[in-house]
Structures are given as C-alpha cells and as structure tokens.
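Have a look at the structure below, then the notes.
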Amino acid sequence: MRVAVIQFPGSNCDHDALQVLTNNLKLESKLIWHNDFNDSSWDAVILPGGFSFGDHLRAGAIAAHSSAIKNVRKMANDGKPVLGICNGFQILIEAGLLPGALLRNACLKFVCKWTNLRIETSHSAFTCALDTNSTIRMPIAHNEGRFFADEDLLNHLTTEGRVVMTYSGENPTGTLRGIAAISNEGGNVVGMMPHPERASDATLGGTDGLKVFGSMLKWS
Amino acid sequence: MNQLFSVEIIISNKPQARDPEGETIIRDLVHKTGYESVKEIRTGKLLTIQIDASSQEDARDRALLMCNDLRLYNPVAHSISVRVRS
C-alpha cells in the first residue's frame, strides 16, 4: 500500500505520521508538498496536523482551497482511505469533504492531554481493525476542536453511524455529543482531532494509534 | 463606470453555537465591573474589503458571492452580514 502525507506550510505532524507509516507499519510512504500533489494513484492519503497557512481566517480554511485538495477529493470519491488528523480534520471540514464545523474549545484554551476514546463504529477505513465500543488512548493537542452541527445534522450523523470516535469520560473541549472523529457516508474519509501518530510507539506512551493507521490495510 | 467601494463583512457564530469568548468577556469583565445592563456579548470577525463595482448593490452582491464561493465563513456554524460603507 502506498500512502501520501501532504505537507502544507505550517504542517508540523507530517514527519511523525511518515515515521509511523514507514518505520512502524513498513508501508511505502512519502511526504508531498501540497503544490506537488497532482497524482491520485496513491492508495491512501493523510492530511497531518499542524497550523496550515498559519490558521488564518479559520483553521484549515485556506488549505481547503489548495490544489492538493482536488486530488484528495478525487481519492475520496474513489473510495480510497483519506485521514485528516487535527488540522487535517479541520481542512476536510473546510473543504466540504466532511460536514459540520470545528469551533474554538469551550474552555478557550489550547488543550494538550491524553484522552480515552470510545470507538463508536468499526465501519470506517480507520477503525475497521478496532472493535465497536472498545476504548483506545491517544493525545489531543488543539485550540479549535469543538465539533458543532445543528441537531438535524447531529442526529443524521449518529443514525448513519458516521460518528467514529467520542471522548470517553471527560469532554475536554465542549465538543457536541463528545464527538472526536466523524466519517463521510462511505466511511473511507475520516477526520479526527486526536493524534494517532503520537500514540504509535511504546516509547511515546501508547500504541493504539497503530490500529487506526493499520485499519487502512483491512479496508476494501 | 466602476468605482471603489468599501465593504464590511462580519462573520459571527450562529445563535445556537456557543460563543465562549463572548461568554468570558461578559462574565469575567463586563459583569464583574458593574455593567449589569449588558445582557449578551457575541464575538465575531470583521473583514473590510475594497472592491471595484458599478453600484453599492453590485459591491454587496460581489462581496457576498466571494464569501460563498471561497467559504469565507462556515455556513454550518457562522452567519455573515455584508454592508457597504461607501
């Protein structure tokens, strides 16, 4: 499996993701500058965390209009695994590939801590190697991660099984219904605020993230 | 004959989306200092743009079109108001 990791100016979790894909999962993986991502023959694509374009206007809003997104959109439509982590999730929302909005944390603070996450569905490209209702542990580190949608959209996402992960126990950001990750209709596009790449090596305190990335291999 | 118009675009959270910044300002500053008559504060973002257009109406339409085309706001959570200054 060949996996592309897109770099935007301000991405800062790109190398971490590459490290996990290449060294821990032994996948063919490459960092690609956003302007150079013009090939949709990749099997999967990761939009890493960071502060693309300085988070100006809104987190992810400018990257959502970059030329790289055209190919990301094509891959999403082809049913290939697309994962947005943290800022990558914000970009997927701003690009309209995922619904809703990510607003500033209710506590008005940048929250950086380990969280427990409940897997709400194993029907997604990034949770199919995990059991529904199981709990995994992973850190979050963001300022705008409070998922917002109106009641109709929230109910729709819940009924359709598109809420992928929720915070178990404490809700660290005031996110509606504890939502930490959602997917598109097909389940191949997933956006998540927690950082699986920071929990994919025992030296960093956890390896649950490997199951998130590893799910791509099971997904078809 | 086009001329330059100054247009203000105000982006704010929809009423049903909590605005914790506004809540903090009213709770920890305004009410603590005795301005009890203030009942609500909502924060937002202001963009002032200069735009070439044929009339005030045209300037407003063009600005609105850009806001929607480029998603200068997220319609799920935000509302915008566009007003032409001159």
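Chains as they are written, first to last, in the numbering used here: chain A, 1 to 220; chain B, 1001 to 1086.
Every residue, glycine too, gets a C-beta built ideally from N, C-alpha and C.
Only a predicted model underlies this, so the values are computations on that prediction, with no experimental measurement involved.
Does any heavy atom of the ligand COA sit closer than 6 Å to the C-beta of residue i?
{"i": "Ile1025 of chain B", "result": "This structure lacks the ligand COA; in fact it carries no ligand of any kind."}
Where do the N-terminal and C-terminal ends of the beta strand (DSSP E) with residue i fall, by residue?
{"i": "Val190 of chain A", "result": "Val189 to Met192"}
{"i": "Thr4 of chain A", "result": "Reading the sequence as shown, one finds Ala at residue 4 of chain A and not Thr. Run containing Ala4 of chain A: Arg2 to Gln7, per the beta strand (DSSP E) assignment."}
{"i": "Pro139 of chain A", "result": "Thr135 to His142"}
{"i": "Lys30 of chain A", "result": "Glu28 to Trp33"}
{"i": "Ile1080 of chain B", "result": "His1078 to Val1084"}
{"i": "Glu1036 of chain B", "result": "From DSSP, Glu1036 of chain B is part of no beta strand (DSSP E); its letter is neither H nor E."}
{"i": "Ile1025 of chain B", "result": "Run containing Ile1025 of chain B: none in the beta strand (DSSP E); it sits in the alpha helix (DSSP H), Pro1020 to Ile1025."}
{"i": "Asp1052 of chain B", "result": "Gly1044 to Ala1053"}
Taking Cβ positions, are residue i and residue j nearer each other than 7 Å?
{"i": "Gly1044 of chain B", "j": "Ile1009 of chain B", "result": "no"}
{"i": "Arg1042 of chain B", "j": "Ser1079 of chain B", "result": "no"}
{"i": "Phe213 of chain A", "j": "Leu97 of chain A", "result": "no"}
{"i": "Ser41 of chain A", "j": "Val3 of chain A", "result": "no"}
{"i": "Ser52 of chain A", "j": "Gly10 of chain A", "result": "yes"}
{"i": "Val1084 of chain B", "j": "Leu1064 of chain B", "result": "no"}
{"i": "Pro1015 of chain B", "j": "Leu108 of chain A", "result": "no"}
{"i": "Val190 of chain A", "j": "Ser124 of chain A", "result": "yes"}
{"i": "Ile62 of chain A", "j": "Phe37 of chain A", "result": "no"}
Should residue i be flagged as near chain A, meaning a C-beta pair shorter than 7 Å?
{"i": "Ala1077 of chain B", "result": "yes"}
{"i": "Pro1091 of chain B", "result": "Look at the range of chain B in this structure, 1001 to 1086, and you will see that residue 1091 of chain B is not part of it."}
{"i": "Asn1074 of chain B", "result": "yes"}
{"i": "Ala1017 of chain B", "result": "yes"}
Got a sec, what are the start and stop residues for the alpha helix (DSSP H) residue i sits in?
{"i": "Gln1056 of chain B", "result": "Gln1056 to Asp1069"}
{"i": "Thr158 of chain A", "result": "Glu151 to Thr159"}
{"i": "Ser215 of chain A", "result": "Asp208 to Lys218"}
{"i": "Gln19 of chain A", "result": "Asp14 to Gln19"}
Should residue i be flagged as near chain B, meaning a C-beta pair shorter than 7 Å?
{"i": "Leu97 of chain A", "result": "no"}
{"i": "Ala76 of chain A", "result": "no"}
{"i": "Phe148 of chain A", "result": "yes"}
{"i": "Ala68 of chain A", "result": "no"}
{"i": "Ala101 of chain A", "result": "yes"}
What in chain C is Cβ-close to residue i, meaning under 7 Å?
{"i": "Thr1024 of chain B", "result": "Absence of chain C from the displayed structure is noted, the protein chains being A and B."}
Are the segment 42-61 of chain A and the segment 83-99 of chain A touching by the rule of at least three beta carbon pairs closer than 8 Å? Touching, yes, given that three or more Cβ pairs across the two stretches are closer than 8 Å.
3-residue-minimum beta strand (DSSP E) runs that sit fully inside the segment 39-120 of chain A, ordered along the chain: Segments of the beta strand (DSSP E) lying fully in the segment 39-120 of chain A: 44-47, 82-85, 101-103 and 111-119.
Report yes or no: do the segment 167-180 of chain A and the segment 101-120 of chain A share at least 3 C-beta pairs separated by less than 8 Å? Contact between the segment 167-180 of chain A and the segment 101-120 of chain A is present, because at least three Cβ pairs lie under 8 Å.
Counting pairs of beta carbons, one from the segment 116-130 of chain A and one from the segment 89-99 of chain A, are three or more of them closer than 8 Å? Too few Cβ pairs lie closer than 8 Å, so no.
Touching or not, the segment 18-29 of chain A and the segment 190-209 of chain A, by the rule of three or more beta carbon pairs under 8 Å? Two segments are said to touch when three or more pairs of C-beta atoms, one from each, lie closer than 8 Å; by this definition the segment 18-29 of chain A touches the segment 190-209 of chain A.
For the pair the segment 1061-1073 of chain B and the segment 140-154 of chain A, tell me if three or more CB-CB distances fall below 8 Å. Cβ pair count under 8 Å is below three, so no.
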